[in-house]
Amino acid sequence: MAEKITHSIVVGGPIAIHTVDGVIRRIRPVVLDNDDPKGWVIKARGKEFTPDRKVKPSFIAMTEKNRAYSYDRIRYPMIREDFVETPDGKNRNTENRGKSGYRCAIWDEALDLVVREIKRIQTTYGKESVTAITSSHHSWGLVGYKLSAFARFFRMLGYTEIKDNPDSWEGFTWGAPHTYGYYWRLGGTEAFDLLEDGLQNVETMVMWSHDPDTTRGGYAGSESTLWRQWLKDLGVQFIYIDPFNNFSSVKQADKWFAPRPGTDAALCEGIAYVWLTEGTYDKEYIAKHAHRFDEWADYILGKGADKTPKTPKWAEAETGIPAADIKALARRWASTKTMGGSGMRGGFGGVCRTANGTEFARLMVQLFAMQGMGKPGQNIWSGTTGAPMDYNFWFGGYSDPLSQIANQPIADKAAVNCVTQKLYRTNLPDAILNGHYEWYGEGFCGGGIDLEFTEHIYPEPGCSKVHMFYRYGGTFMGTMLDTNKWVRMYQSPELEFVVNQDIHFHGEARMADVILPACTNLERYDIGELCNSGNGGYQSHSQTGNSWQIVVFQDRAIEPMWESQSDYWIFAQLAERLGFGQDYTEGRTELDWCKRFWEKSDLC
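This is the structure:
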């Protein structure tokens, strides 16, 4: 019974996997040894702080064994039992999607059916008649990740791209940049080096709609849990603002405020009213850095168009928080060096995801500006990012165009989509069901704030509507607006053919005509860096939520289970049948691509 130890990386951190006789027995955190670099040191208030020598993956990451052996795994290729392959795409019982059962198929049958439908639909309607989308985050690894294997295949095929919405930070994307003119983090706040500032200077932390000990680990592990304990040990006061006394609040809060859901903007305005009437804001800073402040102040004081003073009493009626408590919060904030933020990364999540979350995001910028945003101990920072790591080497991040197999220099030849027509994820059902949709934006708008004003029309003049939908990765339908509309879309005869490629038999897999079983990243080879989203129009230096930069060769811990295969294998098989297999793989296996990433990095 020889034990084998391999390593992998998941959204919640790097893990070590122990297998015996081809079976995963346990998963544990990665422990650094004497050959690994020493950790950073921050000196603050007479103490020294340095990270532990053990990486802290999230509790979610520690359950990867359960994910691999889940009862819900898709074990075999499957075809909807009442699907009829009619030559014109009509009368296919689409109304039964989500209701019908499935029959098992062999890989050749399922792949050949998918290829026949791609050819039929694109020949009949045009390249743009096929559309596809991924989940927000799929299995980690630069080869198998959605921006590599998936993107390379569909760009070579030619398809109508569905742009993602910035679902993690909607309010900050569409609101905050138009208040503080900063867009380097897609509207999110700048927290690159704020851990040192926080430890040295902050006196009060305002954790607004923020539960970091629960949610932060979903993206970067739980390294920052220790950082917030350091702040507590230094005597920093923690104020939590959340309708729920969340897990982090129960542990850390010195005071908890519970506004009615959706009334956070009113609480912000009540705080601003106190500062304006009591003169407890940084007037010199505002005079130097703010524009049209007087106009905004008039609105807060009731001299604007609505003639409504945003007094603490007014805010009490909106939020349910007593006016006296709002005054106390405002005075504590103004009289101490205060940092704070919402969501797991200072803007990513929380209130900004709610209806009218743009107004909250703008008000957060305005409140922190009133107290001198950027001065020592005064900034939008939620205690989850900003570790002083060594950035003297480059390793590609998953959204970096330079580190995707779809692009050069990793690939010898870049994959370029010949179709310009686009769709938008949140409004996809409206476009399919109504046959027409118009919107502004460009997905995450990573190329610059001006992209928020890009106009799109579906269908583009001279283009076909889409008639095939290829759904890849974990289900997100339950997180979208009006889920029943998504069901109606799936059951519409407008979608003549639907494919789902996933690991687990979840909500959207049940809506497909053909289901292709993918394996987990514990069952394939890959390579990647923890929480490195890259510098390509997303979030540069996002590793600052960790204590270490950790690059992991994701060795295969077990063989693909049942008849599942890696996403790269599936796309390579489809490409071969469609006539561009060699162009897709360039003759490389997954291990070859891993080596390619390593050779193109600064670590080689």
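Taken in order, the sequence shown gives residues -18 to 585; the numbers are from my numbering. All C-beta atoms in this analysis are idealised placements derived from N, C-alpha and C, irrespective of residue type, glycine included.
Item: Does the separation of the CB atoms of PRO10 and LYS46 fall below 8 Å?; Value: no
Item: Which whole-angstrom value describes the C-beta separation of ALA430 and ILE55, a residue pair presumed to lie in contact below a C-beta threshold of 8 Å?; Value: What sits at residue 430 in the sequence shown is Ile, not Ala. Not quite, the Cβ-Cβ distance comes to about 41 Å (not below 8 Å), so this is no contact.
Item: Determine the closest residue to ASP192 out of SER323, GLU419, PHE349 and ILE302, with distance taken between C-alpha atoms.; Value: SER323
Item: Sorted by chain position, which residues of the same chain lie with C-beta nearer than 6 Å to PHE561's C-beta, five sequence neighbours on each side aside?; Value: MET137
Item: When DSSP builds the beta bridges, which residues end up paired with GLY(-6)?; Value: VAL(-9)
Item: Could you pull the start and end residues of the beta strand (DSSP E) that THR141 belongs to?; Value: 141 to 144
Item: State the CB to CB distance for the pair ALA271 and ALA350, rounded to an integer number of angstroms; the pair is presumed to be in contact (CB under 8 Å).; Value: 6 Å
Item: Where THR289 and CYS249 are concerned, what is the direct C-alpha to C-alpha distance, given to the nearest angstrom?; Value: 15 Å
Item: Run the CB neighbour count on LEU207, radius 10 Å, all protein chains shown included, and call it buried at 16 or more, exposed below.; Value: exposed
Item: If I follow the unbroken beta strand (DSSP E) through ARG97, where does it start and stop?; Value: Here ARG97 belongs to no beta strand (DSSP E); instead the alpha helix (DSSP H) covers 88 to 106.
Item: Using a Cβ-Cβ cutoff of less than 7 Å, which residues in the same chain neighbour SER401 once the five nearest sequence positions on both sides are dropped?; Value: In the sequence on display, residue 401 carries Thr and not Ser. Correct list, in chain order: GLU441.
Item: Helix, strand or coil for GLU118? Go by DSSP, reduced to three states.; Value: Here residue 118 is His; the residue named in the question, Glu, does not match the sequence. If DSSP states are grouped into helix, strand and coil, HIS118 belongs with coil.
Item: Helix, strand or coil: how does DSSP classify ALA113 here?; Value: strand
Item: On the three-pair Cβ rule with 8 Å, is the region 352 to 367 touching the region 305 to 323?; Value: yes
Item: For PRO147, which residues from the same chain have a beta carbon less than 7 Å from its beta carbon, with the 5 sequence-adjacent residues on both sides left out?; Value: THR154, LEU167 and PHE425
Item: If you draw a straight line from the C-alpha of ASN415 to the C-alpha of THR339, how long is it?; Value: 28 Å
Item: Classify HIS417 as buried or exposed, calling it buried when 16 or more other Cβ atoms lie within 10 Å of its own Cβ.; Value: exposed
Item: Among the residues of its own chain, which have a CB less than 8 Å from the CB of GLY79, if the five just before and after it don't count?; Value: VAL468, TYR471, GLN472, ARG491 and MET492
Item: Spell out a yes or no on whether the region 439 to 458 and the region 175 to 185 are touching, meaning 3 or more CB-CB pairs, one atom from each, closer than 8 Å.; Value: no
Item: Would you identify the three-state DSSP class for ILE307, choosing helix, strand or coil?; Value: helix
Item: Starting from the N-terminal side, write out each stretch of the alpha helix (DSSP H) that is 4 residues or longer and does not extend beyond the region 298 to 373.; Value: 304 to 316 and 338 to 351
Item: Give every residue of the same chain whose Cβ lies closer than 6 Å to the Cβ of MET437, excluding the five residues on either side of it in the sequence, and list them in chain order.; Value: Per the sequence shown, the amino acid found at residue 437 is His instead of Met. Excluding residues within five positions, the ones whose Cβ falls inside 6 Å are LYS403 and TRP420.
Item: To the nearest angstrom, how far is it from the Cα of LEU215 to the Cα of ARG26?; Value: 8 Å
Item: From GLU29 to TYR164, what distance separates their C-alpha atoms?; Value: 34 Å
Item: Taking the straight line between their C-alpha atoms, what separation do you get for ALA234 and PHE173?; Value: 25 Å
Item: Just how far apart, CA to CA, sit LEU282 and ARG273?; Value: 15 Å
Item: Report, in whole angstroms, the separation of the C-beta atoms of LYS127 and THR115, which I expect to be a contact under 8 Å.; Value: 4 Å
Item: Nearest by alpha-carbon distance to MET449: which of TYR140, TRP121 and TYR52 is it?; Value: TYR140
Item: Identify whether PHE478 lies in helix, strand or coil by the three-state DSSP scheme.; Value: strand
Item: Looking only at C-alpha atoms, which of ARG34, ILE23 and GLU62 sits nearest to ASP16?; Value: ARG34
Item: Identify which residue in GLN347, ARG334 and LYS236 has its Cα closest to the Cα of LYS264.; Value: GLN347
Item: CB-CB under 8 Å to THR195, same chain, minus the five flanking residues each way: which ones, in chain order?; Value: ASN227, PHE228 and SER229
Item: Closest by CA to MET345, which one among TRP314, PHE134, ARG569 and VAL65?; Value: TRP314
Item: In chain order, what residues of the same chain lie with their CB nearer than 8 Å to the CB of LYS394, ignoring the 5 residues before and after it?; Value: ASP564 and GLU567
Item: Among the residues of its own chain, which have a CB less than 8 Å from the CB of ILE67, if the five just before and after it don't count?; Value: Looking at the sequence shown, residue 67 is not Ile but Thr. Counting only Cβ-Cβ distances below 8 Å, and skipping sequence neighbours, we find ARG73.
Item: Measuring alpha carbon to alpha carbon, tell me which of ASP245, ILE531 and TRP189 ends up nearest VAL(-8).; Value: ILE531
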